[in-house]
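One structure below.
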Amino acid sequence: MSITLMRVLAGSAAVLLGALTPTAAGAEPLREQLIIVEAPQADSAIGTLTAYERTGTEWRTVLGPTHADLGELGVGEAQDDVFRTPVGTFPLGMSFGREPDPGTAMPYTQVNGWDWWDEDVDSPTYNTLVRSQAKPSEDAENLGHSGEIYDYAVLVDHNPQRIPGRSAGIFVHVTDGEPTWGCVAIEREQMRTLLRWLDPAAAPRITVGIGRQVPPAG
1 MSITLMRVLA
11 GSAAVLLGAL
21 TPTAAGAEPL
31 REQLIIVEAP
41 QADSAIGTLT
51 AYERTGTEWR
61 TVLGPTHADL
71 GELGVGEAQD
81 DVFRTPVGTF
91 PLGMSFGREP
101 DPGTAMPYTQ
111 VNGWDWWDED
121 VDSPTYNTLV
131 RSQAKPSEDA
141 ENLGHSGEIY
151 DYAVLVDHNP
161 QRIPGRSAGI
171 FVHVTDGEPT
181 WGCVAIEREQ
191 MRTLLRWLDP
201 AAAPRITVGI
211 GRQVPPAG
């Protein structure tokens, strides 16, 4: 085989390989979802919620900013029995509600009077959803009997290791117009919109902070 022919074949192979290999321009763009909750100061029981989505390097606003009710004692370090919304960035977990699935891509459980969130620090099922006809521990919240706030909700997975003392049962849920026990609460239709937008494939997260917060660059 001549050197010229070998060069031609090598060039053809390189072209073919390039056609089969995704380029940076043609690759699937990065997609992320981020909810940002801003409290004006640490002891604020009200703030704002804004939802953003990023495709590639560009963030765009998809919801808000809208009014959000926060913990009765404001925002800060998470502690059991302290009505404060945890500060930080956390993944969003399962969603649930007393109402049927509104069309979310997130895992969704329709709850009733047999569904509890276990908040007992001495319980083996601390900070989990428990289905039981009877109350599963001394400190468990009945999700089906807690009113319209749990018509729609999504878990803020701030304590996935379920470490006692670091707080349990923190959600984004429907507001009743009052400060929360540590959750973030927004209007019902906005909560429905949020759930329909959320997608586990986009690694949804929530950031709770004091003062102005912006999506990360890059």
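The sequence shown: position 115 = 115 (this note's numbering), numbered continuously. Don't be surprised by glycine CBs; every beta carbon is placed ideally from N, CA and C.
So, with DSSP's three-state summary, where would you put residue i?
i          : result
residue 33 : strand
residue 53 : strand
residue 72 : coil
residue 24 : The predicted model places residue 24 with a pLDDT of 42, which falls under 50 and marks its position as unreliable, so this point remains unresolved.
residue 86 : strand
residue 38 : strand
Rank the options by C-alpha distance to the C-alpha of residue i and give the top, closest one.
i           : options            : result
residue 151 : 138, 95, 117       : 95
residue 178 : 39, 80, 46         : 46
residue 101 : 206, 212, 202, 191 : 191
residue 98  : 156, 113, 55       : 113
Round the Cβ separation of residue i and residue j to the nearest angstrom and send it over; I've been treating them as touching at under 8 Å.
i           : j           : result
residue 204 : residue 33  : 4 Å
residue 154 : residue 130 : Wrong, their Cβ atoms sit about 18 Å apart, outside the cutoff.
Please report the residue range of the beta strand (DSSP E) in which residue i lies.
i           : result
residue 61  : 58-69
residue 153 : 153-156
residue 110 : 108-110
residue 205 : 205-210
At what residues does the alpha helix (DSSP H) containing residue i begin and finish?
i           : result
residue 192 : 188-197
Chain D beta carbons: is any one of them nearer than 9 Å to that of residue i?
i          : result
residue 42 : In summary, chain D is missing from the structure at hand, where a single protein chain is found.
For the ligand NAP, any of its heavy atoms closer than 8 Å to the Cβ of residue i?
i          : result
residue 74 : With respect to the ligand NAP, the structure offers nothing, as it holds no ligand at all.
Cβ contact check for the region 175-191 and the region 60-73: 3 or more pairs under 8 Å: yes
At least 3 beta-carbon pairs within less than 8 Å: the region 81-96 vs the region 51-66: The region 81-96 makes no contact with the region 51-66; the number of CB pairs closer than 8 Å stays below 3.
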